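Participant: Sharing a structure here in structure tokens format.
4 protein chains.
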Amino acid sequence: MKVQRVDMFVCPSANPADTSGLQALADAGKIKPGTLVALVGKTDGTGFHDDWGRIWADAALREWTAKFLGVPKDDVAKHVIFVLSGGCPGVITPHIAAVTREWVEDGKPSREKRLAVGRAGSESIAPEEVGRMGMIRKVASATQDAMKDAGITDPEDVHLVMVKVPGLTVASIDDAESRGHTVVSHDLTFGPEGAGSYANDGAALGVAMALGEVPESKLSDEVVRRDWDLYSEVAMTSSGGEKRHGEVVVFGNSMASVSQLVIGHSITTDFIDAQGVRNALRSAGLKFNDGLPDQEDLDRLVHVFAKSVIPGSDVVRGNHITLLDDHNAYQIGKALGGMLVASVTGRTTNYVSGGERNSHQGPPGGNIVAAVVRADT
Amino acid sequence: MKVQRVDMFVCPSANPADTSGLQALADAGKIKPGTLVALVGKTDGTGFHDDWGRIWADAALREWTAKFLGVPKDDVAKHVIFVLSGGCPGVITPHIAAVTREWVEDGKPSREKRLAVGRAGSESIAPEEVGRMGMIRKVASATQDAMKDAGITDPEDVHLVMVKVPGLTVASIDDAESRGHTVVSHDLTFGPEGAGSYANDGAALGVAMALGEVPESKLSDEVVRRDWDLYSEVAMTSSGGEKRHGEVVVFGNSMASVSQLVIGHSITTDFIDAQGVRNALRSAGLKFNDGLPDQEDLDRLVHVFAKSVIPGSDVVRGNHITLLDDHNAYQIGKALGGMLVASVTGRTTNYVSGGERNSHQGPPGGNIVAAVVRADT
Amino acid sequence: MKVQRVDMFVCPSANPADTSGLQALADAGKIKPGTLVALVGKTDGTGFHDDWGRIWADAALREWTAKFLGVPKDDVAKHVIFVLSGGCPGVITPHIAAVTREWVEDGKPSREKRLAVGRAGSESIAPEEVGRMGMIRKVASATQDAMKDAGITDPEDVHLVMVKVPGLTVASIDDAESRGHTVVSHDLTFGPEGAGSYANDGAALGVAMALGEVPESKLSDEVVRRDWDLYSEVAMTSSGGEKRHGEVVVFGNSMASVSQLVIGHSITTDFIDAQGVRNALRSAGLKFNDGLPDQEDLDRLVHVFAKSVIPGSDVVRGNHITLLDDHNAYQIGKALGGMLVASVTGRTTNYVSGGERNSHQGPPGGNIVAAVVRADT
Amino acid sequence: MKVQRVDMFVCPSANPADTSGLQALADAGKIKPGTLVALVGKTDGTGFHDDWGRIWADAALREWTAKFLGVPKDDVAKHVIFVLSGGCPGVITPHIAAVTREWVEDGKPSREKRLAVGRAGSESIAPEEVGRMGMIRKVASATQDAMKDAGITDPEDVHLVMVKVPGLTVASIDDAESRGHTVVSHDLTFGPEGAGSYANDGAALGVAMALGEVPESKLSDEVVRRDWDLYSEVAMTSSGGEKRHGEVVVFGNSMASVSQLVIGHSITTDFIDAQGVRNALRSAGLKFNDGLPDQEDLDRLVHVFAKSVIPGSDVVRGNHITLLDDHNAYQIGKALGGMLVASVTGRTTNYVSGGERNSHQGPPGGNIVAAVVRADT
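Written out as structure tokens, the structure reads:
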């Protein structure tokens, strides 16, 4: 029986075009053209629309990966999924996490579930489906395909699902409307009624549906960005106008993996809930007291993935905060998530994305935290 | 023997001009014209130069206090010290803490040291003394006077010293230069070489000298904003061009107090050091495990005062952060301190000021945290 | 026959609460309790949601006006219309323009049309009408009432219509939906699909309908913020959640006025069209060559009112600009309008509001400019 | 006799890495490896410290130029001078202007002076000389060398001098201090007392000295960033920590040029002085009335180079502006200069740099504008 061996390597980036960490991994044989499945990173810059750091990082990483794989630049996406989240305000160190998967013949059954990764593409998603049931169902289906690819059958074993879906553009709206369809929004931003937010949240509800976190019967076009009690605890989603179908990467634990790594997750219940971050680390197998993992724990902690969506309410534990009225809420909201995680992990190389207001990625007011840990053997 | 009874009340503010919390305290007899000694607060707004929230708050509070005391508005400062810190980014709730001190005849000796407060004004500080030994010595002297007023003799019993000193202005620089003197800087900002930063740091070193944290022999004009190993663990300072002399408020514990409150403090050793915040709470007498005070602890926690000065280095525990290159570093730096404290205290009504880069208020890269707790009786 | 005498006085504000300019006008008898009809101003601050400068200015001006009129603060709005636009980025001097109207018996017919002002309130506007035909029709009707009040019959004589209408709030949306209605948007911002933008633009189309700039036959719910070719050249509108009905102030020229002032207007055809500003000054009667009014012209120029709505397109005269992707577009867009006007008027006390993207206030890509001039007699 | 033929081509950039405009010029034979002398551009992005757009543009342009010249990337600077100014807020289109110079044998004497370009490097500038007389004298000397290279003898014929000089770094300050020297500032920013500002202004005074705009007798270490009445009308300077010596490019008119282009310049006398921009265009030979060049004029206008330094005073023509207290003053100040120029040139592809407060580049409160025009033959 073939089982997978998944590994994950975190490389800090000195600048957006810095591929030296990946090159060192390649030189050391830790990542190989046949094993590299995903690059997930935080890129240096503001995270705003005109953040060229993210664009430059994407160009430089894609060029490096094309050379590494020996394929044309345009074919890189067929082999390696890129999830680059722009903006490292505060205590978030720019970095790239390389995820590898190798298939090995293994006579011995695993004694415990270990990190497994699966990928799948969705059917093509039409502009009129963005942020609506069409997208939700197609992402749900792709999520199930990715679980299969990962060798995971129990949704409880899934701890992180990264999804990229199509957003809307002027052109795709024209296309839909010329065919007699409506679209979910004409606002092309990631604002509260923006198409980008609807796309991300449609994808999140797709994951929630696939994993049974939300029953299909409760889902409809009307609940998207309205009924915040429907959410996934493991979906981190993004969208882009250039995409035509969804891409899903599932991270979970499986008996059919001989990885040295284990993944776990938890949620924060509000914006200042450090306990939620600790719960995530413990879910992945770290044991520690008094709030902070010790050095031995940290040596085992490989990486943390967290969202930092801004709450829709301006009240935190009974007191008013002014974040929702802050012109810099997007950046500050993301920075605060970075601090919440770093204050527990004791390190700054955490993947923290967010800044948008309200989401079906995590519970109302709270956020998702997943942790990858080296198994305690 | 007369001993003091000090109390502290924290009122969230719905807007900068909101005095309803103070009025409720007055109506309930908790603060009286003769007992109110200080108003210390965070005001709603950006915290930038053009943050009218702070100015409006100052105007509204001063007007309320004048009526409350029955004195002209311009005389309020003689009776009640105002420390209003502008800017509540992120998870810092705008609020005002009212500090009262009553002198009571008390035959019974205290069984343990309790919160005491003392105030003193410094000699007039000339513009050529700002940020230099002249200011340092005068603040040191006033700090010792304030300790006396507080009934504290051992510097170890001092846990928080709030100081306001004169800054430089175009006019005061002209004055100094017309008399043949130089000034520490022509930069009127709070930037790295700004007169505002020099004034604040001169005041901090004055406190450090008074408390013996830094021996006078190590102090000179040249060390201010150069030798960061010289610092106070308890000084929180600010400066303004309109002032002519320094004002000092000392918070500490004393046997000559029958307050129900106790104060303690600690420092963070770097920008993500949640343990430092926990240490401060424990220093004041809270006992808790696993990182977070429980509800019983929180019921006893009256208030936390913390600085969030941005580190001078762009490396935190070995990894690069980009905060120093961020246009919004001032605001984000303050917000991050707010999150670090709130993630431990489990509440957002914490006094957190800062955002400037580097300071003699706290150790290099770290910050000061003081906590006031209701005694465990 | 009673005719009006309208005057306008521009007072720079040293800070948001500065009423000294108004007091000086009152002391000099230039404004009287019975003649003051409107205060229109730009307030010091950022112009963002958390800009307390605007709120403080409103509170201070309302308090001053209440005392001046001898009425309770809550009744001020019945007598004097306040239009306070927050945010003075760049070269916009914070200021208040006081508008007075006196009715005088005048036997002599005017030889030429002079500045007239009229006001009217609309019928109550329900939340489900905001940004839709309901609002458009009610504002149109109120605009006609205000024209009557101004003694203006020909729409060509109307050069500026300032309108304030209800926006949407969480509460008013709930109200509409509980009664089985939909609302135009759940986005409570002034973003591209925000309820605030829909409210402002519904009001602008109401003015356009009243003045015949857009025929009623072309108007429907569907065209609001969709068909940018429908617009008013004279409507400057704003909205607030606290309002229940619309308020309209019409400025135009009338034979039934003996004012010394004349108003004119023009539009800019794109974002850098200084010629449009010059056209506005000339429309009001200034004559000048080589781009700039000379000192004699300027002595006659009383005030300029301009919008600075950001174009929906990122192309200006064939070249790409990056403003639409700029996080600070709102503030920079307003500042640019301020510069465009000031570079022609040679002064910085111009009323320039804007920063939002796209509007029915002015043509696509361009903006409205109105000028008030002392008649050349 | 060999004379120069100078040309200038302005290419809008679709993104920071866009070299398609240059490639098209190369393909058309308009720029050749032997003739390209400078690339001067505005790059897409915020213009802040963490603006990766400028860094990416520099990398991409340097790579393109290396290939074009057939030299290693590190040698590009020996052949082509790069002046890339980051930040295109408002109505500044990102673009690159390519400057070419060809030496031709020309029997016929020119009938009039035409555009000439000259370059020179300065002697090595030590860190202790930055922003002081050492730098001033070395830049002055290099400016005279560059004039010689341009074939210009009369300073009146010089209309633009672009200079890049060394700034200070932590390392270079250590170096200077270890050798017993002081440095002009420990503030590494471009703030009012920042080393970057001192370096830029030292360079500007060097140009002023070379051209006789300021007599050497008035220059001393003490006047830099103190005596604003000393300034150049043609110096546009920048600085970088990586440089060891200064680079100077002089643009002027010379009889020894057969270029079809002519350069002229003027200054604005304050921040809203559109007349100053018009004067610059006219200085270069455009003739136009009523403020705006007509299409025929614009067809001849090749490029405009302008500074937009923020005034040190908050009063413009007698009225208070709030720009100096604005957190975004740097970006808004630059944007305002872009508008002032574009409102006259009727185009957005103008080179406008600035945003810093106060400078010896241009008069107090005003700025430098240079224009290159195709000769009217």
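These protein sequence lines are chains A, B, C and D, in that order.
Each residue of the first sequence is one higher than the last, beginning at 1 in the working numbering.
Each residue of the second sequence is one higher than the last, beginning at 1001 in the working numbering.
Each residue of the third sequence is one higher than the last, beginning at 2001 in the working numbering.
Each residue of the fourth sequence is one higher than the last, beginning at 3001 in the working numbering.
Glycine included, C-beta positions come from ideal geometry on N, C-alpha and C.
The structure presented is a predicted model; accordingly, all values stated were derived computationally and were not measured.
#1: Leaving out the 5 sequence neighbours to the left and right, which residues in its chain are closer than 6 Å to Thr1268/B when beta-carbon positions are compared?
#2: Leu188/A by DSSP, collapsed to three states: which one?
#3: Name the one or two DSSP bridge partners that Gly3070/D has.
#4: Give the list of continuous alpha helix (DSSP H) stretches no shorter than 4 residues that lie fully inside the segment 3280-3331 of chain D.
#5: Could you have a look at Thr1237/B and say whether DSSP puts it in helix, strand or coil?
#6: Can the beta-carbon of Gly2045/C be found closer than 8 Å to that of Trp1052/B?
#7: Just to confirm before moving on: does the CB-CB distance between Met2236/C and Gln2331/C stay below 8 Å?
#8: Of all the CB atoms in chain C, is at least one closer than 8 Å to the CB of Asp1050/B?
#9: Can you tell me whether Pro155/A is helix, strand or coil according to DSSP?
#10: Indicate whether Pro1166/B and Asn319/A have their beta-carbon atoms separated by less than 8 Å.
#11: Going by DSSP, what residues sit across from Ala1370/B in a beta bridge?
#12: For Ser1185/B, would you say it is in contact with chain D, using Cβ-to-Cβ distances shorter than 8 Å as the test?
#13: Distance check for Val183/A and Gly2240/C, CA to CA, integer angstroms please.
#14: So, do the segment 127-137 of chain A and the segment 184-203 of chain A have three or more beta carbon pairs nearer to each other than 8 Å?
#15: In this structure, how does DSSP classify Ile92/A when only helix, strand and coil are distinguished?
#16: Specify the secondary structure class of Asn2015/C as computed by DSSP and reduced to three states.
#17: Leaving out the 5 sequence neighbours to the left and right, which residues in its chain are closer than 8 Å to Arg137/A when beta-carbon positions are compared?
#18: For the pair the segment 1023-1033 of chain B and the segment 2016-2032 of chain C, tell me if three or more CB-CB distances fall below 8 Å.
#19: Report the three-state DSSP secondary structure of Ala3097/D (helix, strand or coil).
#20: Under the rule that 16 or more other beta-carbon atoms within 10 Å means buried, what is Thr1349/B, buried or exposed?
#21: Pick out whichever of Ala2120/C, Ile2173/C, Asp2326/C and Pro2363/C has its Cα sitting closest to the Cα of Glu2233/C.
#22: So with CB distances below 7 Å, who are the chain C contacts of Asp3154/D?
#23: Can you give me the start and stop residues for the beta strand (DSSP E) that Leu3219/D sits inside?
#24: Could you check where the alpha helix (DSSP H) with Glu177/A kicks off and where it finishes?
#25: Using Cβ-Cβ distances below 8 Å, what residues of the segment 2088-2118 of chain C are close to chain A?
#26: Any idea what DSSP makes of Arg3278/D, helix, strand or coil?
#27: Could you give the uninterrupted runs of the alpha helix (DSSP H) lying entirely in the segment 2019-2075 of chain C, keeping only those of 4 residues or more?
#28: Mind checking the segment 2050-2068 of chain C against chain B and listing, in chain order, the residues whose C-beta falls within less than 8 Å of any C-beta there?
#29: Between Leu2084/C, Val2003/C and Phe2068/C, which lies nearest to Pro2016/C when the distance is taken from Cα to Cα?
#30: Contact between the segment 299-307 of chain A and the segment 329-345 of chain A: three or more CB pairs below 8 Å?
#31: Identify which residue in Ser266/A, Asp290/A, Thr19/A and Lys287/A has its Cα closest to the Cα of Ala280/A.
#32: With 16 as the cutoff for other CB atoms within 10 Å, does Asn3289/D come out buried or exposed?
#33: Under three-state DSSP, which class holds Ile1081/B?
#34: Could you name the residues of the same chain whose beta carbon sits closer than 7 Å to that of Ser2313/C, not counting the 5 residues immediately before and after it, in chain order?
#35: In or out: Ala3098/D buried (at least 16 other Cβ within 10 Å) or exposed?
#36: Given this structure, state the Cα-to-Cα distance separating Ala3204/D from Tyr3231/D, to the nearest angstrom.
Facilitator: With the structure as the only source:
#1: Gly1276, Gly1366 and Asn1367
#2: coil
#3: BP columns for Gly3070/D are empty, so no partner.
#4: 3295-3300
#5: strand
#6: Against a cut-off of 8 Å, the Cβ pair of Trp1052/B and Gly2045/C comes out as a contact.
#7: no
#8: yes
#9: helix
#10: No, Cβ-Cβ distance for Pro1166/B and Asn319/A is not below 8 Å.
#11: Paired residue(s): His1265/B and Phe1305/B.
#12: Yes, Ser1185/B lies at the interface with chain D (some Cβ there is under 8 Å from its Cβ).
#13: If you draw a straight line from the Cα of Gly2240/C to the Cα of Val183/A, it is about 28 Å long.
#14: yes
#15: coil
#16: coil
#17: Gly206 and Met209
#18: no
#19: strand
#20: buried
#21: Pro2363/C
#22: Simply none; closest approach about 30 Å.
#23: Looking at the DSSP string, Leu3219/D is not in any beta strand (DSSP E), and its letter there is neither H nor E.
#24: Val170 to Ser178
#25: none
#26: helix
#27: For the segment 2019-2075 of chain C, whole alpha helix (DSSP H) runs of length 4 or above, ordered along the chain, are 2020-2027 and 2052-2069.
#28: Asp2050, Asp2051, Trp2052, Gly2053, Ile2055, Trp2056 and Ala2059
#29: Closest option to Pro2016/C, Cα to Cα, is Leu2084/C.
#30: yes
#31: Ser266/A
#32: exposed
#33: strand
#34: These residues qualify, in order along the chain: Gly2365.
#35: buried
#36: 7 Å
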